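Shown next, in structure tokens, is the structure this report addresses.
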Amino acid sequence: MTINTHYALFFCLAISLHNLEEALWLPQWSQMGMAIQKPVTPNEFHFAVIIITALAYLASFLYISFPESKWIKWAFTGFLGSMIVNAVFPHLLASILTKTYAPGVGTALLLNIPVNAVILYRLHREKRISRKEIFLSTVVMGVLLLALIPILFMLGDSFINY
0 MTINTHYALF FCLAISLHNL EEALWLPQWS QMGMAIQKPV TPNEFHFAVI IITALAYLAS
60 FLYISFPESK WIKWAFTGFL GSMIVNAVFP HLLASILTKT YAPGVGTALL LNIPVNAVIL
120 YRLHREKRIS RKEIFLSTVV MGVLLLALIP ILFMLGDSFI NY
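So for the sequence shown, numbering that gives the first Met the number 0 puts the first residue at 0; every next one is plus one.
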């Protein structure tokens, strides 16, 4: 197994556990009528989280298969970085503002930040990616994922209720 395979597997494990935690408890938590989180149904959320997880797995698989591709490397590192940002905004921020446990905050802080930070650090130390590439790929992937989430909620609601 190559080092790229290890990185991808650890990322997939971390994001899977995080998304599972969210899938189990976030739809119900979102129904509490908080300004920070619009209510989301289980159908909407589960559809979206399955697609996001599948995209993370796809980026990981492609990175293992084509580690020299800049576009694939940027997609993989963008996912890593955006999940670190996601741990703070909205998870930690939501927990602080609502004074409740926001589903996903535990796995985000205990898995996503440390696992993804170590992978990004090692990729940078091994001169596989620059800090600028990490920053830019994180911003681009973060924006793409943020734009995709409401679309996935809408599709999940329509698809499941069809």
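A virtual CB, placed ideally from N, CA and C, is assigned to each residue, including glycine.
Computed from a predicted structure; not experimentally measured.
Any C-beta of chain B under 9 Å from that of residue 103:
The displayed structure is made up of one protein chain only, and chain B is not part of it.
In the structure shown, what three-state DSSP assignment does residue 106 receive?
helix
Look at the alpha carbon of residue 128 and the alpha carbon of residue 85, and state the distance between them as a whole number of angstroms.
21 Å
Sort 5, 30, 157 by Cα distance to residue 64 and report the nearest one.
5
Taking the alpha carbon of residue 25 as the point to measure from, which residue in 102, 68, 72, 132 has its own alpha carbon closest?
102
Based on Cα-Cα distance, which residue from 99, 141, 107 lies nearest to residue 13?
107
Check residue 141 in the structure and name its three-state DSSP category.
helix
Cβ contact check for the segment 46 to 54 and the segment 143 to 158: 3 or more pairs under 8 Å
yes
Should the segment 17 to 35 be regarded as contacting the segment 131 to 141, the criterion being three or more beta carbon pairs within less than 8 Å?
no
Integer-rounded CB distance, given that residue 76 should sit under 8 Å from residue 122:
7 Å
Output needed for residue 112: all residues of its chain with C-beta closer than 7 Å, excluding positions within five of it in sequence on either side, in chain order.
83, 86
For residue 14, report the span of its alpha helix (DSSP H) as first-last.
2 to 29
Does DSSP put residue 149 in a helix, in a strand, or in coil?
helix
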